[in-house]
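Below is one structure, written out as C-alpha coordinates; comments come after it.
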Amino acid sequence: MRSGGAVLVEAAGGAAMLPLPFACRGEVVRGFGRGSRQLGVPTANFSDQVVESFPSDIPTGVYYGWASVGNGDVHKMVLSIGWNPFYKNIKKSVETHIIHNFKEDFYGEILNVVIIGYIRSEKNFNSLGQYYKFLLSYLSYSSILKVLCYHSLSCLQSQLFYALIFNVSVKYFS
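Using UniProt numbering, the first residue of the sequence shown is number 1, and each one after it goes up by one.
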(Lines of atoms letter the chains of each structure in order from A and count residues from 1; the text may use other names and numbers.)
(Lines give C-alpha, C1' and ligand atoms only; values in the text may rest on other atoms or scores of the structure.)
Protein backbone atom coordinates (compact mmCIF):
# COMPACT_ATOMS: atom_id res chain seq x y z
CA MET A 1 0.00 0.00 0.00
CA ARG A 2 1.15 3.55 -0.61
CA SER A 3 -0.01 6.72 1.07
CA GLY A 4 1.50 9.98 -0.10
CA GLY A 5 4.59 8.17 -1.31
CA ALA A 6 4.99 6.18 1.91
CA VAL A 7 4.38 2.47 2.24
CA LEU A 8 1.78 1.48 4.83
CA VAL A 9 2.82 -1.56 6.80
CA GLU A 10 0.00 -3.85 7.87
CA ALA A 11 -0.32 -5.25 11.35
CA ALA A 12 -1.64 -8.73 12.06
CA GLY A 13 -5.25 -8.91 10.96
CA GLY A 14 -4.68 -6.50 8.07
CA ALA A 15 -5.10 -3.25 10.00
CA ALA A 16 -3.00 -0.42 8.57
CA MET A 17 -0.43 0.88 11.00
CA LEU A 18 2.61 3.09 10.61
CA PRO A 19 3.21 4.79 7.27
CA LEU A 20 6.76 3.90 6.32
CA PRO A 21 9.40 5.07 5.89
CA PHE A 22 9.32 6.92 9.22
CA ALA A 23 12.23 9.10 10.25
CA CYS A 24 13.32 10.61 13.53
CA ARG A 25 16.41 11.98 15.17
CA GLY A 26 17.51 12.77 18.66
CA GLU A 27 20.27 12.68 21.22
CA VAL A 28 21.63 9.34 22.39
CA VAL A 29 21.24 8.93 26.16
CA ARG A 30 22.40 6.27 28.61
CA GLY A 31 20.01 3.37 29.08
CA PHE A 32 20.19 0.55 31.59
CA GLY A 33 23.23 -0.99 29.87
CA ARG A 34 21.49 -4.35 29.54
CA GLY A 35 21.92 -4.64 25.77
CA SER A 36 25.71 -4.51 25.95
CA ARG A 37 26.30 -6.05 29.35
CA GLN A 38 23.80 -8.93 29.40
CA LEU A 39 23.28 -9.64 25.72
CA GLY A 40 26.37 -8.36 23.91
CA VAL A 41 24.12 -6.29 21.65
CA PRO A 42 24.62 -2.58 22.39
CA THR A 43 21.72 -0.23 21.78
CA ALA A 44 21.51 3.52 21.34
CA ASN A 45 18.65 4.89 23.41
CA PHE A 46 16.59 7.96 22.64
CA SER A 47 15.63 10.38 25.42
CA ASP A 48 12.14 10.34 26.92
CA GLN A 49 11.41 13.53 24.97
CA VAL A 50 12.15 11.83 21.64
CA VAL A 51 10.20 8.70 22.63
CA GLU A 52 7.19 10.87 23.54
CA SER A 53 7.38 12.57 20.12
CA PHE A 54 6.71 9.26 18.32
CA PRO A 55 3.11 8.90 17.07
CA SER A 56 0.98 7.64 19.96
CA ASP A 57 -0.55 4.91 17.79
CA ILE A 58 2.75 3.43 16.59
CA PRO A 59 2.66 -0.30 17.41
CA THR A 60 5.22 -1.64 19.83
CA GLY A 61 7.61 -4.14 18.36
CA VAL A 62 10.81 -4.59 16.41
CA TYR A 63 11.50 -2.69 13.19
CA TYR A 64 14.40 -2.46 10.75
CA GLY A 65 15.89 0.32 8.68
CA TRP A 66 18.87 2.62 8.47
CA ALA A 67 20.72 4.77 10.99
CA SER A 68 23.59 7.19 11.24
CA VAL A 69 25.31 8.87 14.14
CA GLY A 70 25.79 12.58 13.55
CA ASN A 71 26.92 13.08 9.97
CA GLY A 72 28.53 9.64 9.86
CA ASP A 73 27.97 6.74 7.53
CA VAL A 74 24.56 5.10 7.17
CA HIS A 75 24.27 1.56 8.57
CA LYS A 76 21.58 -1.10 8.86
CA MET A 77 19.74 -1.14 12.16
CA VAL A 78 17.03 -2.87 14.13
CA LEU A 79 14.93 -0.82 16.51
CA SER A 80 12.69 -1.79 19.39
CA ILE A 81 9.72 0.32 20.45
CA GLY A 82 7.99 -0.65 23.66
CA TRP A 83 8.19 -1.49 27.34
CA ASN A 84 10.55 -4.49 27.26
CA PRO A 85 8.18 -6.75 29.21
CA PHE A 86 10.99 -9.19 30.08
CA TYR A 87 12.61 -6.41 32.13
CA LYS A 88 9.24 -5.02 33.31
CA ASN A 89 10.03 -1.45 32.25
CA ILE A 90 7.48 1.12 33.36
CA LYS A 91 8.36 3.62 30.62
CA LYS A 92 8.17 3.14 26.88
CA SER A 93 11.58 3.18 25.20
CA VAL A 94 13.01 3.32 21.70
CA GLU A 95 16.30 1.41 21.44
CA THR A 96 18.34 1.13 18.25
CA HIS A 97 20.95 -1.52 17.53
CA ILE A 98 23.14 -0.30 14.68
CA ILE A 99 24.70 -3.18 12.77
CA HIS A 100 28.22 -1.81 12.86
CA ASN A 101 31.15 -2.12 15.25
CA PHE A 102 31.72 1.32 16.72
CA LYS A 103 35.07 1.84 18.43
CA GLU A 104 33.60 3.95 21.23
CA ASP A 105 30.32 5.02 22.79
CA PHE A 106 28.47 7.95 21.28
CA TYR A 107 26.35 9.28 24.15
CA GLY A 108 25.31 12.87 23.49
CA GLU A 109 25.57 12.47 19.71
CA ILE A 110 22.57 12.84 17.40
CA LEU A 111 21.15 9.54 16.14
CA ASN A 112 19.27 9.64 12.83
CA VAL A 113 17.00 6.70 12.02
CA VAL A 114 14.73 5.79 9.15
CA ILE A 115 12.37 2.90 9.87
CA ILE A 116 11.51 1.04 6.68
CA GLY A 117 9.96 -2.21 7.85
CA TYR A 118 8.27 -4.12 10.67
CA ILE A 119 9.64 -7.44 11.94
CA ARG A 120 7.44 -8.51 14.85
CA SER A 121 5.34 -7.36 17.78
CA GLU A 122 6.76 -6.88 21.25
CA LYS A 123 7.02 -10.16 23.16
CA ASN A 124 7.75 -11.34 26.65
CA PHE A 125 10.20 -14.17 27.30
CA ASN A 126 10.51 -16.82 30.02
CA SER A 127 14.28 -16.57 30.33
CA LEU A 128 17.27 -14.49 29.31
CA GLY A 129 18.36 -17.39 27.07
CA GLN A 130 15.04 -17.37 25.21
CA TYR A 131 15.23 -13.57 24.87
CA TYR A 132 18.77 -13.83 23.49
CA LYS A 133 17.73 -16.48 20.93
CA PHE A 134 14.94 -14.23 19.64
CA LEU A 135 17.29 -11.26 19.60
CA LEU A 136 19.71 -13.13 17.36
CA SER A 137 16.89 -14.19 15.04
CA TYR A 138 15.76 -10.65 14.32
CA LEU A 139 19.34 -9.45 13.89
CA SER A 140 19.71 -12.19 11.25
CA TYR A 141 16.41 -11.10 9.68
CA SER A 142 17.70 -7.58 9.31
CA SER A 143 20.70 -8.87 7.37
CA ILE A 144 18.37 -9.56 4.43
CA LEU A 145 18.24 -5.80 3.95
CA LYS A 146 21.58 -6.02 2.21
CA VAL A 147 20.12 -8.40 -0.35
CA LEU A 148 16.76 -6.65 -0.70
CA CYS A 149 18.20 -3.17 -1.02
CA TYR A 150 21.47 -3.95 -2.78
CA HIS A 151 20.58 -2.24 -6.06
CA SER A 152 18.90 0.75 -4.44
CA LEU A 153 21.32 1.22 -1.54
CA SER A 154 23.15 4.21 -2.97
CA CYS A 155 19.84 5.87 -3.79
CA LEU A 156 18.50 5.13 -0.33
CA GLN A 157 21.59 6.36 1.42
CA SER A 158 22.13 9.49 -0.61
CA GLN A 159 18.54 10.56 -1.28
CA LEU A 160 15.85 8.96 0.82
CA PHE A 161 17.72 8.70 4.12
CA TYR A 162 18.90 12.29 4.18
CA ALA A 163 15.69 13.60 2.65
CA LEU A 164 13.66 12.07 5.45
CA ILE A 165 16.06 13.18 8.16
CA PHE A 166 16.52 16.71 6.89
CA ASN A 167 12.97 17.12 5.54
CA VAL A 168 13.84 17.89 1.91
CA SER A 169 11.99 16.67 -1.15
CA VAL A 170 12.81 13.29 -2.63
CA LYS A 171 11.72 11.43 -5.73
CA TYR A 172 10.06 8.08 -5.00
CA PHE A 173 10.86 5.19 -7.32
CA SER A 174 8.44 2.38 -8.08
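Glycine included, C-beta positions come from ideal geometry on N, C-alpha and C.
Alpha-carbon to alpha-carbon, residue j and residue i
| i | j | result |
| --- | --- | --- |
| G70 | E109 | 6 Å |
| S68 | F102 | 11 Å |
| G31 | V74 | 22 Å |
| H97 | V41 | 7 Å |
| G72 | C24 | 16 Å |
| N84 | K91 | 9 Å |
Residue from the options whose Cα sits closest to the Cα of residue i
| i | options | result |
| --- | --- | --- |
| residue 196 | C24, P21, T43, G31 | Since the first residue shown for the chain is 1 and the last is 174, residue 196 is missing from the structure and cannot be characterised. |
| G65 | S93, D105, N112 | N112 |
| K76 | G117, S121, V29, E122 | G117 |
| D105 | N45, C24, R25 | N45 |
| Q49 | G26, D57, S121 | G26 |
Burial state of residue i (16 or more Cβ within 10 Å)
| i | result |
| --- | --- |
| E95 | buried |
| residue 199 | There is no way to answer for residue 199, as the model of the chain reaches only from 1 to 174. |
| Y63 | buried |
| N126 | exposed |
| S93 | buried |
| S53 | exposed |
| S80 | buried |
| S152 | Note on S152: pLDDT 46, under 50, position unreliable in the model; no value is reported. |
Assumed close pair residue i, residue j - CB separation to whole angstroms, cut-off 8 Å
| i | j | result |
| --- | --- | --- |
| P21 | V114 | 5 Å |
| T82 | I119 | Contrary to the premise, residue 82 reads as Gly rather than Thr in this sequence. The pair is not a contact, with the Cβ atoms about 12 Å apart (cut-off 8 Å). |
| Y107 | V28 | 5 Å |
| P59 | S121 | 7 Å |
beta-carbon residue i near the ligand NAD non-hydrogen atom, thresh 7 Å
| i | result |
| --- | --- |
| V113 | The ligand NAD is not among the ligands present in this structure, which contains no ligands whatsoever. |
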